[in-house]
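Numbering (this note's numbering), first residue to last: 553 to 770. Think of the CB as a built atom: it goes at the ideal place given N, C-alpha and C, for glycine as much as any other residue. What you are looking at is a predicted structure, and each value in this text was computed from that prediction instead of being measured.
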């Protein structure tokens, strides 16, 4: 994907200014980080959308006015809860020679064989992302969890089973479960069936009582 340089302009802070920006399809943001004092900026909404798609979880080149281009990470994106458009963005400038920590999404790939063996098997995802540490140049867009490892109901994929690119260290517990299998629905149905008495058995018990005993019970 092409390396999109996102252009930004400095802005004044304040609610009134923020409303004016949004009315003109501008998104308020803040730039901070390596050697930079926190700086309010504004970016074009369409250009931001394109840049975010291009960068993924990795670095994004950002140029504020006529200043030099800096490499940034998108640390936080605030969205409208209904329309989902971007309301505000936090950009962190990074040093290319220092490691950093960030969360990377987990992508689930493949097909779990257990789904063919047990029609009621449910694949349960426990993690959507994990924290990693690496140099900015080694940031992956995502980590992969291979569902083909789930051959039986007892199989799980742990953090240590994720494919990790060179130069990347996962900070999460290596034995933490990422995805597993549940047969809870099937087991619950079987238990309910086992607990239900058969109608024939109830009738036999009733019919087998002497007439006098049955009348006494009434």
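query, result
"Residue 705 in three-state terms, based on DSSP", "coil"
"Contact check, residue 556 vs residue 579, beta carbons under 8 Å", "no"
"Nearest to residue 695 (by Cα), restricted to the options 655, 585 and 732", "655"
"Own chain partners of residue 575 with C-beta closer than 6 Å, once the 5 adjacent residues on each side are dropped", "none"
"Test item: CB-CB of residue 722 and residue 684 under 8 Å", "yes"
"Cβ shell of residue 700 (< 6 Å), same chain only, five flanking positions each side left out", "662"
"Nearest residue (CA-CA) to residue 625, options 690, 725, 729 and 734", "690"
"Cβ distance (whole Å) where residue 561 is taken to contact residue 617 below 8 Å", "6 Å"
"Of the listed residues 600, 573 and 581, nearest to residue 591 (C-alpha basis)", "581"
"CA nearest to the CA of residue 573, picked from 687, 724 and 640", "640"
"Span of the beta strand (DSSP E) around residue 669", "Looking at the DSSP string, residue 669 is not in any beta strand (DSSP E); the run it does join, the alpha helix (DSSP H), is 666–669."
"Cβ neighbours of residue 708 in the same chain (closer than 6 Å, five flanking residues each side left out)", "729 and 732"
"Residue 597 versus residue 563 - alpha carbon distance", "15 Å"
"Residue 682 beta carbon less than 8 Å from that of residue 493", "As shown, the chain starts at 553 and ends at 770. That puts residue 493 outside it, with no answer to give."
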